[in-house]
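Here's the structure we're looking at; comments come further down.
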Amino acid sequence: MTRLTLPLLLLAIPAAAQPAPEATLPDLVVQAERAAAARQGILARFGAREVTVDRRTIEGLPGGGNQPLNALLAQTPGVVQDSFGDIHIRGEHRNLQYRLNGVVLPEGLSGFGQVFDARALRSVSVLTGALPAQFGFRTNAVIDLETRSGARDPGGSLSMYGGSRGTLQPSASWAGFAGNWDVFATGSLLRTDQGIENPARTRTALNGQSQQTRGLVYAARQLDETTRLSVIAGTSLNRFRIPVTRGQETGFTAFGSDAFDSADLRARQWERNWYGVAAVQKSLGDVDVQVAGFTRSSSIHYVPDTVGETRFNGVASDVYRGSVTVGGQADAAWRVSANHTLRGGLQASREASRFRSQTTVLPLDADGEALDDPFGLNDRSNRVGWLYGAYVQDEWRVTEALTLNLGVRADQMVQYTANGQISPRANLVWRPAEGTTLHAGYARTFTPPQQELVQTPTLERFQDTTNAPESLRNDAVRPERAHRFDIGVSQKIGPHLTLGVDAYYKDVRDLLDFGQFGNALIFTPFNYREGKVYGVEFSGNWRDDRWLFYANLAISRSAARDIRSAQYTFEAEELAYISRKWIRTDHDQLFTGSAGAVLNAWEGGRVSASSLYGSGLRRGFANTEKLSPYATVNLGVQQDFTGPDKAIWTARLDVLNVFDTAYQLRDGSGIGVGAPQYGTRRGIFGGLSRAF
């Protein structure tokens, strides 16, 4: 396994933040550490490329625990930022698997808001490459989130953070013991005048207010010497107003007039997520087992400005999508001998998804002109789907320096269609010298589309209205099937410097992609008949007692041809062009870079910087053009001090986008791109927190 860790900051936990000594504390801490080590043994990442950002690094970078999770992930290799808080890893759109303490979290409806709070996490690991057989369904990258705990991160804090664009973000957290329970709890509120990217070049979005609430609770206890129970529950409740631009002209007469000031549009979107995980770990001699259950409920509700949107676009859609998933997974590791470790597991989940819409349209006369006689068309559907997966793999230590991991998994989907696949996996890790690790891998993968995003509207009913599609063709979205290849090397040079390079290639049938079609800001999946994704990533980091420094550069290409599903969402000319030519996908970005540094500059004081570079996402007809390149820089400074109450306080000041760079992530053109989106302009933020 190649593992690159963004270096730990040498920040001592102040004594005031430690809980009062208890006689049972050492035993509980030892049990928690032992359980964490056993979990890592069960859920091995063998052969994958793993980049880990630990808790101290999270707090050390500009923004600290207040930064959204997608901004933190963008500091790891090969991660491209996009509008609406989206990220793309290794040239793909979504296909990301999130795990909480090793347990799969069902995929929910993704909107603008972040589901997880960075302050709740002990570490964030990003696994990419030809993943071993235990990882199924979403296999482009695994985001493994390890929560904080009372045993490993004791103490608590109260914090207030805020600044530019009306940002105000209070938060609280606590970690400790309640009887024999190891407990961690955190919650935060966020109020801002710019919840999503600005469609205009201005510093603050017009009508962009957002309120967001996030919370998480972790609890674990030892049931006996070899059995441990852990429970996680969390929520994310977000409300957004949809930003607008001034000076747009209406295109239709509706509700008795064609007059409407675009600055007065008031569309809104609500996003709700609840999730829970319960896991039991058991050690039986040479066998470690984890059995877990999980659930997630999520929904997105887009509420249009009916009068305004009908006058501008001729259509206004009130759209709701909801999903409830329950399931379980079981994983086991058996140390058969010194040279062989067998792993195997099962996973099953049931998802009930709901879709409803109420669309206001205008009728067309015989000449195709819109009439001022708005009326509504309702559509709704429900679906229950199942996903099943099973795997077995053998980690074989061939020699002291060479290890081979062979595995196979079987996946089955029973949703709007029934499909499955047997997928072989192979990973080889060679350590020819101290500090040198080479890895190579192959994986066959099977990726079902997100059931909750697949819609089957009755297209015929929109004929002769302002929402009539160019085509009635709507072939079913297919699961993606791919061959993945990955090879890389990591080299440690001296005690402080680590360098790495990793290359990948993916050959795809029925490449899954997503687009925003229509006014509702909800994504719809579709397939290209074939695709190719390939690239190379370079990374390096330096760590000593005072400095942390890292830098990443990714070169990537994502190409595809021939739309095979959801054809009604495309214009006929574009469909014809893509059917005969390879094009770049809309999320393709040739060069992506990130870098950062943290300096322990003086006692209790830290100075930090981070930066992002992008050569520009695709734009224009069939994605034949690209946007301009950009670079942003963030700076931060922190100081710990003892307050009048003898507690440890931390003050921080962060300047994001220091040079006030105005850059476009999207210009409103390209496949499945709805509106222009600008990156966030310069912001100045400050915060004060108290440890207890």
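The sequence shown lines up with residues -19 to -1, 1 to 673 when you count with mature numbering (1 follows the signal peptide of the UniProt record, and there is no 0).
Positions of the beta carbon are idealized from the N, C-alpha and C atoms, including for glycine.
Residue i versus residue j: straight-line alpha-carbon distance, rounded
i: isoleucine 70; j: arginine 20; result: 26 angstroms
i: leucine 453; j: aspartate 445; result: 13 angstroms
i: isoleucine 68; j: glutamine 175; result: 19 angstroms
i: glutamine 78; j: threonine 173; result: 29 angstroms
i: glutamine 190; j: phenylalanine 221; result: 6 angstroms
i: glycine 416; j: glycine 46; result: 32 angstroms
i: phenylalanine 551; j: threonine 418; result: 47 angstroms
i: glutamate 127; j: glycine 325; result: 22 angstroms
i: leucine 534; j: glycine 516; result: 11 angstroms
i: glycine 585; j: threonine 631; result: 9 angstroms
i: glutamate 451; j: alanine 553; result: 7 angstroms
i: proline 625; j: tyrosine 199; result: 32 angstroms
i: glycine 147; j: threonine 167; result: 23 angstroms
i: aspartate 648; j: leucine 197; result: 36 angstroms
i: alanine 55; j: serine 338; result: 34 angstroms
i: phenylalanine 519; j: glycine 475; result: 19 angstroms
i: asparagine 604; j: glycine 66; result: 21 angstroms
i: leucine 368; j: glutamine 472; result: 40 angstroms
i: arginine 442; j: threonine 340; result: 11 angstroms
i: threonine 439; j: threonine 505; result: 16 angstroms
i: leucine 53; j: tyrosine 142; result: 17 angstroms
i: leucine 218; j: asparagine 254; result: 6 angstroms
Contacting residues, own chain, Cβ-Cβ under 8 angstroms from residue i (five flanking each side not counted)
i: aspartate 354; result: Leu343, Pro344
i: isoleucine -7; result: Reliability fails at isoleucine -7, whose pLDDT of 31 lies under 50, so the model's placement of it is uncertain and no value is given.
i: serine 404; result: Ala114, Gly117, Val389, Arg390, Ala391, Asp392, Ala424, Arg425, Thr426, Phe427
i: threonine 207; result: Lys263, Ser264, Leu265
i: tryptophan 377; result: Asn320, His321, Thr384, Leu385, Asn386, Leu387
i: valine 482; result: Gly469, Val470, Val517, Glu518, Phe519, Ser520
i: threonine 5; result: Reliability fails at threonine 5, whose pLDDT of 47 lies under 50, so the model's placement of it is uncertain and the value that follows must be treated cautiously. Excluding residues within five positions, the ones whose Cβ falls inside 8 angstroms are Phe158, Asn161.
Residue j beta carbon less than 8 angstroms from that of residue i
i: arginine 26; j: glycine 469; result: no
i: serine 152; j: aspartate 125; result: no
i: glycine 232; j: serine 243; result: no
i: arginine 100; j: serine 154; result: yes
i: histidine 420; j: glycine 28; result: yes
i: alanine 449; j: aspartate 488; result: no
i: threonine 57; j: valine 32; result: yes
i: aspartate 269; j: glycine 22; result: yes
i: arginine 599; j: aspartate 621; result: no
i: residue 675; j: phenylalanine 275; result: Nothing about residue 675 can be reported from this structure: the residues present for the chain run from -19 to 673 only.
i: glutamate 178; j: serine 64; result: yes
i: alanine 672; j: serine 138; result: yes
i: arginine 277; j: tyrosine 256; result: yes
i: valine 365; j: alanine 329; result: no
i: glycine 295; j: threonine 447; result: yes
i: serine 169; j: glutamine 192; result: no
Supposed contact pair residue j and residue i - C-beta distance, whole angstroms, cut 8 angstroms
i: threonine 109; j: glycine 59; result: 7 angstroms
i: glycine 72; j: aspartate 494; result: The pair is not a contact, with the Cβ atoms about 11 angstroms apart (cut-off 8 angstroms).
i: arginine 331; j: glycine 308; result: 6 angstroms
i: alanine 16; j: arginine 209; result: 5 angstroms
i: isoleucine 281; j: alanine 248; result: That belief does not hold up - the Cβ atoms of isoleucine 281 and alanine 248 are roughly 13 angstroms apart, past 8 angstroms.
i: leucine 102; j: isoleucine 39; result: 7 angstroms
i: alanine 578; j: leucine 529; result: 6 angstroms
i: arginine 587; j: glycine 160; result: Not a contact, Cβ separation roughly 36 angstroms.
i: glutamine 431; j: valine 654; result: Their Cβ separation, rounded to whole angstroms, is 19 angstroms, which puts glutamine 431 and valine 654 out of contact at 8 angstroms.
i: serine 140; j: serine 546; result: Going by Cβ atoms, the distance from serine 140 to serine 546 rounds to 46 angstroms, so no, they are not a contact pair.
Cutoff 7 angstroms; reference residue i; Cβ partners in own chain excluding five residues on either side
i: glycine 601; result: Ser650, Gly651
i: leucine 556; result: Ile544, Gln548
i: leucine 204; result: Leu210
i: arginine 412; result: Ala382, Thr418
Other residues of its chain near residue i: CB distance less than 6 angstroms, five sequence neighbours each side excluded
i: alanine 111; result: Gly422, Tyr423, Ala424, Arg465, Asp467
i: aspartate 491; result: Arg459, Glu461, Asn508
i: glutamine 436; result: Phe336
i: proline 226; result: The sequence shown places threonine at residue 226, rather than the proline named in the question. Only Pro180, Ala181 meet the Cβ criterion.
i: leucine 571; result: Ser596
i: arginine 316; result: Asp267, Thr322
i: arginine 633; result: Gln619, Gly668
i: phenylalanine 165; result: Arg129, Ser130, Gly131, Ala156, Tyr199
i: aspartate 635; result: Pro43, Gly44, Gly617, Phe666
i: glutamine 645; result: Leu608, Tyr659
i: tryptophan 162; result: Ala200, Arg202
i: glutamine 402; result: Asp392, Phe427
Cβ-heavy atom distance, residue i to the ligand COA, below 7 angstroms
i: valine 268; result: Ligands in the displayed structure: none, and consequently the ligand COA is not present.
Practice task
Assess, as a yes-or-no matter, whether the region 556 to 566 is touched by the region 611 to 619 under the definition of 3 or more beta carbon pairs within less than 8 angstroms.
Solution key: no
Practice task
Kindly confirm or deny that the region 532 to 546 and the region 282 to 299 touch, where touching means at least three C-beta pairs closer than 8 angstroms.
Solution key: Contact between the region 532 to 546 and the region 282 to 299 is absent, because fewer than three Cβ pairs lie under 8 angstroms.
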